[in-house]
Structure formats: structure tokens, C-alpha cells
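Those protein sequences? They're chains F and Z, same order as listed. Using our numbering, read the first sequence as starting at 28 and increasing by one per residue. Using our numbering, read the second sequence as starting at 64 and increasing by one per residue. Yeah, the Cβ is synthetic: ideal placement off N, Cα and C, and Gly gets one too. As the structure is a computational prediction, the values presented were derived from the model and not from experiment. Accompanying notes for the structure given below.
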Amino acid sequence: MSKATDIIAPGSAATDTHDDHHDHIPKGITRWLFTTNHKDIGTLYLWFAFIMFLVGGAMAMVIRAELFQPGLQIVEPNFFNQMTTVHGLIMVFGAVMPAFTGLANWLIPMMIGAPDMALPRMNNWSFWILPGAFLILLSSLFMEGGGPAFGWTFYAPLSTTYSNDSTGLFVFSVHIMGISSIMGAINVIVTIFNMRAPGMTWMKMPLFVWTWLITAFLLIAVMPVLAGAVTMVLTDKFFGTSFFDAAGGGDPVMFQHIFWFFGHPEVYIMILPAFGIVSHVIETFSRKPIFGYTSMVYALTSIAILSFVVWAHHMFTVGMPLAGELFFMYSTMLIAIPTGVKVFNWVATMFKGSISFETPMLFAIAFVALFTIGGFSGLMLAIVPADFQYHDTYFVVAHFHYVLVPGSLFGIFAGVYYWIPKWTGNMYDETLGKLHFWLSFISVNLTFFPMHFVGLAGMPRRYPDYALQFADFNAMVSVGAFIFGFTQLLLLFIVIKAIRTGKKASHEVWEDTKDWGLEWTLDSPPSYHTFTVQPEVK
Amino acid sequence: MKEAKKTIRNLSLTVVGMCAFSFLLVPIYDVFCEITGLNGKIEGPSVFSSKNIEEEDKREMLIQFVTHNNEFMPWTFKPEITQLTITTGVQQRVMFVFENKTSEDMVGQVIPSVSPGRGAEYFHKTECFCFEQQKLLAGERLELPVVFIVDPNIPLDIGSLSLGYTLFDITDQLSKNQIAAL
Numbered sequence: 028m029s030k031a032t033d034i035i036a037p038g039s040a041a042t043d044t045h046d047d048h049h050d051h052i053p054k055g056i057t058r059w060l061f062t063t064n065h066k067d068i069g070t071l072y073l074w075f076a077f078i079m080f081l082v083g084g085a086m087a088m089v090i091r092a093e094l095f096q097p098g099l100q101i102v103e104p105n106f107f108n109q110m111t112t113v114h115g116l117i118m119v120f121g122a123v124m125p126a127f128t129g130l131a132n133w134l135i136p137m138m139i140g141a142p143d144m145a146l147p148r149m150n151n152w153s154f155w156i157l158p159g160a161f162l163i164l165l166s167s168l169f170m171e172g173g174g175p176a177f178g179w180t181f182y183a184p185l186s187t188t189y190s191n192d193s194t195g196l197f198v199f200s201v202h203i204m205g206i207s208s209i210m211g212a213i214n215v216i217v218t219i220f221n222m223r224a225p226g227m228t229w230m231k232m233p234l235f236v237w238t239w240l241i242t243a244f245l246l247i248a249v250m251p252v253l254a255g256a257v258t259m260v261l262t263d264k265f266f267g268t269s270f271f272d273a274a275g276g277g278d279p280v281m282f283q284h285i286f287w288f289f290g291h292p293e294v295y296i297m298i299l300p301a302f303g304i305v306s307h308v309i310e311t312f313s314r315k316p317i318f319g320y321t322s323m324v325y326a327l328t329s330i331a332i333l334s335f336v337v338w339a340h341h342m343f344t345v346g347m348p349l350a351g352e353l354f355f356m357y358s359t360m361l362i363a364i365p366t367g368v369k370v371f372n373w374v375a376t377m378f379k380g381s382i383s384f385e386t387p388m389l390f391a392i393a394f395v396a397l398f399t400i401g402g403f404s405g406l407m408l409a410i411v412p413a414d415f416q417y418h419d420t421y422f423v424v425a426h427f428h429y430v431l432v433p434g435s436l437f438g439i440f441a442g443v444y445y446w447i448p449k450w451t452g453n454m455y456d457e458t459l460g461k462l463h464f465w466l467s468f469i470s471v472n473l474t475f476f477p478m479h480f481v482g483l484a485g486m487p488r489r490y491p492d493y494a495l496q497f498a499d500f501n502a503m504v505s506v507g508a509f510i511f512g513f514t515q516l517l518l519l520f521i522v523i524k525a526i527r528t529g530k531k532a533s534h535e536v537w538e539d540t541k542d543w544g545l546e547w548t549l550d551s552p553p554s555y556h557t558f559t560v561q562p563e564v565k
Numbered sequence: 064m065k066e067a068k069k070t071i072r073n074l075s076l077t078v079v080g081m082c083a084f085s086f087l088l089v090p091i092y093d094v095f096c097e098i099t100g101l102n103g104k105i106e107g108p109s110v111f112s113s114k115n116i117e118e119e120d121k122r123e124m125l126i127q128f129v130t131h132n133n134e135f136m137p138w139t140f141k142p143e144i145t146q147l148t149i150t151t152g153v154q155q156r157v158m159f160v161f162e163n164k165t166s167e168d169m170v171g172q173v174i175p176s177v178s179p180g181r182g183a184e185y186f187h188k189t190e191c192f193c194f195e196q197q198k199l200l201a202g203e204r205l206e207l208p209v210v211f212i213v214d215p216n217i218p219l220d221i222g223s224l225s226l227g228y229t230l231f232d233i234t235d236q237l238s239k240n241q242i243a244a245l
């Protein structure tokens, strides 16, 4: 934790006023195409993530419209399956991950006092291959027989024997997404390792930087495994290998082991940076430094290490020996301890704090409460005998949407509201921000809470139809989903309004933020190039 | 910048290493299953001597027979009876029916599996059609036996065993000469 008085920041609003003379911001489309500036690339990532969020959200609307009442009304079952598959892929690889990478690009250099990311040209490349990857994935929906329909987990043999030729496009697009993430992760690690301001020791690093450092290591460890898994699917389907085909000596269960060896660290990749964001938001609006900084770092590291030894809890029902089920059950439950430490620390930070409830804080508090609900349902799913009942039901859908929507997504929202005055120099509309929060908060619970009930009652996931007794809850879920979906257009409006006509923000933006990190010592908006002279942290 | 280059090199090597590791998982998985016997796989005919069995160790248990056809295998394949109560230590014989209802000569291979996997090492087959490839001419019907004996030392908490057979079509994997030789 850096304390206010410890920071001497040349290039800040207070000490340097001639920075503006050096700003030669390129104009036109080529500024964005050829940019190597971390702020521009951060902006590109964030807008791309938002567009993908709307595209994936539109698919969720199709899913919920079909499930509004029992029976088949709107779409064919095969198209429904494509919607669930591509909704999942887009939200994971197109919305949440690029949004976090965008935040990393904007914030990591400003937080550690570096002039830019360590590898700016690779940074440009890792963004600009992403739109291509998603164009390939989305265009596969228009192929004969449709796009991928095997679920985002692409289990063999659904993705090998029983899929159509669009699987080739799916594999290719996942490869490109993986390359993009790996390049982004290498960039983050090299930046953090080598470009911290003098005096910023490991244990003085802001928590968002810590969470992203751990996330980047997870990405480097598991994205290549995902690449390997899709490659095996590709060769099984098109080139006659038998990795997952029992007739040739392979084993389809092995697919699930390889996939979830990637998949479980992946779910932490999608939540850890949100942990970092809410830590900053909560300390700012509680006007207290985060409680237990050191334990936060250790908790984070333990969660990351444990994520490599719990993968088979996603597949308790494949037929594992008792010893295996017990191992994966206990190791999974162990993760509740460091996660509990983090939740405790957030609550302890707020305890006796001088709290005010601006929009970022509302999202952060909702994050703590609702992510914890998702954590508890995760604990229930970790219990092997109970999981045999819950497996592949809507209970699972409720669980992972609770950790991803009011978890990761609310974390991103909190971060956007918290830093947007810094990025644009303009405040967002607080009244509209609060409206966005309350509509989102109510509708997200209306959408995902009843899914627990229908799941426990036995409604299976990934079907376009369901038994009559689930009708009332599903109607509620669909209404909640429509409200949640349309509420997000409000976010678009709020962001555009802030950019165009927002009230000017001070360089501190929030009260006393100079306590909370180097980025608040810069102007709002910061000049195009910042920290060309490194600040000193004591 | 020298430090940065070193970091980049190490990270790139890690990426390449993890790619290799994902493919290495394939043989690791096989070896792991073989050592621990997780898949309930049983290899070849086994010799089991019933001479030293004490009468009081023997008990009754239920054996169930399950047959599957893999993917597009068109043959009819079923056991003569679906379950049987046996006495451990006593040899049993069960017949299975194969019928190739297509108009082509085909070759099939049966792969066995015992569930629960822990029981596999106590399940001894002295004669089984699964040891060989089976060739059926168009329209041909065959009845083939499995002769087995269950070791009386099988743990008491295993009350029943399922013997699963999956039939694979391997016609395309063999050459014309190999098929003719069968």
C-alpha cells in the first residue's frame, strides 16, 4: 500500500504543467489501427468487450425468449444449442477477458508509474487479431448446418463425431483468441516485472496489479492447454486421429480431464482482476486502506495454485474411483478458505469506515454479497453425493452466473464507473449510474435466483424445452433477463454522456484518492504519454 | 531491456512447454489408468487356480451383462441372459449372440470392462470372444461363450459386478488380405 505522503510523482498535475506540449495524438482511423499507446489499446479493448457483451447478451435474450414458456415457440432446437454455445464462448472470451485486458492496459502502467506497456507493438497485435477471431466464430453461424452447437465446453464426441464442418472455424477462432490472451499475459508480466517505479516493491504494488500478475501467470499456464485440446478435436474430426475416439484406442473422458485442466484456472482468470478492482473501490469509498493487504496477496496466490488441482469437480459423474472423488471434493472445499479471507477483508475494510455510496461502491458491495452467494452454491456443488443430484441442472447455471454476472461483470462495472472520470476527464451522471445499478441489481437476482429452485427440482440445462412444473419460475427468469439485458443499454448511454457532456473531474476525482495510488496523481484525463519520467515511491 | 528479454524468453518457453504438456497428458492419462486400473480394463486370458479355495470363503454374488454397439456398428449383439447369480470360485459359462444383418462381410472387435473398476482384478476370464477379432459374413449369426471365474477373495463390499462389452466395427481398419485370413 502506498501512502499519499510517500509518493513523489513528476509529471503529475501538481509538479509538471508542460506535459501537454509533448502530446502529439495521431488523428483518424490510423491512430487506432497502428496505435502502440497503452491508453488507446485499453480503450479499444473496452469498447470491443462492450460490443461483444451486447452480441452475447442478444443471444441470451433469444435463449430466454424460447424458455419463457414450455414447448418450442421461437427457434429450432439446433439453433437454440448454437445460441447457448456461442453465448458462452462470446461472454467468456469476447466480453469478460477482453474487458479485463482493457482495464489492465489502461491501469497497470499508470498504477506502477511506467510510461507504457513493455511490448507496445505486440500489444497492438494482440488486440487487432481479436475482432478477426470473433468474426470467424460468428460467421460460422451462417454455415450450412449452423455454427458450433456442442456447448462452450465442446465435449468430445459432440464436437468430433457429431458436429458439422463449422467446427474447423470454431477451432481456428479459439486458437486466435488463445494467442491474443497469451501475448497480452506476457506483456503484463514483463511490464510488472521490469517497469515498476523505483521504490515500488512487490508488497507495495496495488492489488489490481497483483491480481493481474497472478491472472497473467494462469493464462500462460492454461491457454496453451486449451490450444492443445482444440487441436486434438480438430485432428480427431478432420485428420483421422483418435485422441478421444474409443474405436481407435482413445478415451472421450480424457477430453474432459484436459478441458477442465484448462477450464478451472480459466474461471479464476475471469474473477481475480475483479477481486483487485473491488479492493480499490471499497478502500476508496470506505476511506480506509484495505484491511489485511498481505493476507489478500497470499489468499490470491493460494487460490491460483489450488486452481490447478481441482479440475475434476466438474466431472464427478463420469465414473471416478472413490479416492479421486474425495481428493477433488476436499481440494475444492479448501479454496473456500482463501476466498473467505478475501471476503472477510472486504467486510473488515468497510467496518467502521466512513462509507459513501457512489455507483462504483454500490456495484462493489453487491459484488461482495452476490459473489459470496455464488461461492456458497459452489461449495454445495463440491459435495460429491450432492453433486450427483445437481450435475448438469439449472443449479449449476445459477451458480456460475452468480459468480460471473454479479461477480466478474459487476466488478468490471465498478471499475468503469470508478476510473471513467480519470480516463475521460469527465464525471458520469450519478443519478443515471445509480439507476443502472438498481435496475441491474434487482433484475440480476430475478434472473438467476429462481434458477437455483428449478435446478434443485431437476430441470436439466441446455434444453430448449422443459416440463410444465418449471413454467412459472422460467417466466420470472425470462422477465428478469429482459430487464437486465435492456438495462445495459443504459450503461452505453451513461458512458457516451460522460464522454461528451460530463462535468469536469478533478485529478483526484474522488475524495482523498491521492492516498490510493499513482494513477490519481495524474491529470484527468491523463496526457497521452504519462510517467515519461518515473515517479519515486518511498 | 536485458532483464525484459530474459523474462520474455522464459515466458515464451513456458507457453511452448505447456503446449507440449497438453499433448503429453495423453500418454500420462493412459499410464495412470493402467497403473491404477481406473478404467476397469482387463487384459487377455488369465490363469486362475481354484485348487486352494476354502469352501467357507465362497459366496453368492450377482453378475450383470451389458452390451453396447459403438457408434455406427449395425450388428445385433446381446447376452443370452442379462444377469446371473454365481458362486465365487466356481467356473461359469455364458453365451452371447452376434448377428450381422447387413449384406456385407464385416469384422468386429469386442472390448470388455468391469464395473466397479476395483473388481476387475478378481474377475478372471479363461475363454472369451473378446480375445479375438470376429468375422461375420453377410447375414451370419454366431453364438460365442465367455467362461469366467470370480476370485473368492473379492472384497465383501462388492455385492455385484457388471461386465460391460462394447462392440467396435474394425472392418475399415483391416486390409482385404487380413480379413480373408480371419
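Beta-carbon proximity of residue i to residue j, cut-off 8 Å
i	j	result
F:I296	F:L246	yes
F:R489	F:T111	yes
F:A274	F:M356	no
F:V411	F:F312	no
F:V481	F:F500	yes
F:Y320	F:P387	no
Z:L200	Z:F159	no
Z:F186	Z:L224	yes
F:S358	F:L333	yes
F:A283	F:P175	The residue you asked about is not Ala; residue 283 of chain F is Gln in the sequence shown. Their beta carbons are not under 8 Å apart, which means F:Q283 does not touch F:P175 by this criterion.
Z:F161	Z:L226	no
Z:T130	Z:P142	yes
F:V345	F:V280	yes
Exposed unless 16 or more other CB atoms sit within 10 angstroms - verdict on residue i
i	result
Z:E66	exposed
F:R91	buried
F:T194	buried
F:N214	buried
F:I447	buried
Z:V94	exposed
F:Q496	exposed
F:D263	buried
F:S383	exposed
F:H51	exposed
F:W465	exposed
F:S29	Low per-residue confidence applies at F:S29: pLDDT is 41, beneath 50, and the placement is therefore not dependable enough to give any value.
Z:T99	exposed
F:W229	exposed
F:V560	exposed
F:M323	buried
Z:A244	exposed
F:G98	exposed
Per-residue contacts from residue i into chain A (C-beta, under 8 Å)
i	result
F:P348	Of the protein chains in the structure, F and Z, none is chain A.
Integer-rounded CB distance, given that residue j should sit under 8 Å from residue i
i	j	result
Z:V78	F:P251	5 Å
F:I56	F:I135	That belief does not hold up - the Cβ atoms of F:I56 and F:I135 are roughly 26 Å apart, past 8 Å.
F:V260	F:S186	5 Å
Z:M136	Z:L230	5 Å
F:W450	F:P562	About 19 Å; that fails the 8 Å criterion.
*Which residues, taken in chain order from the segment 250 to 277 of chain F, show a beta carbon closer than 7 Å to some beta carbon of chain Z?*
P251, V252, A254, G255, A256, F270, A273 and A274
*Give the residues from the segment 206 to 231 of chain F that approach chain Z closer than 7 Å (Cβ to any Cβ), ordered along the chain.*
I209, I213, I216, V217, F220 and N221
*asked:* So within the segment 142 to 191 of chain Z, which uninterrupted beta strand (DSSP E) runs reach at least 3 residues, ignoring any that extend past its ends?
replied: 146 to 150, 155 to 162, 169 to 178 and 186 to 190
*In the segment 65 to 77 of chain Z, which residues sit with their C-beta less than 8 Å from some C-beta in chain F, listed in chain order?*
E66, A67, T70, I71, L74, S75 and T77
*Contact list for the segment 170 to 196 of chain F against chain Z, Cβ threshold 9 Å*: Of all residues in the segment 170 to 196 of chain F, P184 and T188 have a Cβ within less than 9 Å of some Cβ in chain Z.
*Identify every run of the alpha helix (DSSP H) within the segment 84 to 135 of chain F, keeping only runs that are complete inside it and at least 4 residues long; order them along the chain.*
104 to 116
_Inside the segment 478 to 545 of chain F only - beta strand (DSSP E) runs reaching at least 3 residues_ = none
_Please list, in chain order, the residues of the segment 132 to 145 of chain Z that have any C-beta partner in chain F closer than 7 Å._
N133 and E134
*Starting from the N-terminal side, write out each stretch of the alpha helix (DSSP H) that is 4 residues or longer and does not extend beyond the segment 344 to 422 of chain F.*
349 to 361, 363 to 377, 386 to 409 and 411 to 417
*Between the segment 306 to 332 of chain F and chain Z, which residues of the former have CB atoms less than 9 Å from a CB of the latter, in chain order?*
none
*Kindly provide the ranges of any alpha helix (DSSP H) runs that are 4 or more residues long and lie completely inside the segment 309 to 335 of chain F, ordered along the chain.*
Counting whole runs of 4 or more residues, the segment 309 to 335 of chain F contains the alpha helix (DSSP H) stretches 320 to 333.
_At a CB distance below 7 Å, what residues from the segment 141 to 169 of chain F approach chain Z? Give them in sequence order._
Flagged, chain order: A145.
*Residues within the segment 227 to 244 of chain Z neighbouring chain F, beta-carbon criterion of under 9 Å*: T229, F231, D232, I233 and Q236
*When you check each C-beta in the segment 280 to 298 of chain F against every C-beta of chain Z, which residues fall closer than 9 Å?*
V280, M281, H284, I285, F288 and F289
_Under 8 Å (Cβ pairs) to chain Z, residues found in the segment 102 to 132 of chain F_ = Against chain Z - using a Cβ distance shorter than 8 Å - the segment 102 to 132 of chain F contributes no residues.
*asked:* Taking beta-carbon pairs under 8 Å, can you tell me which members of the segment 403 to 425 of chain F lie near chain Z?
replied: none
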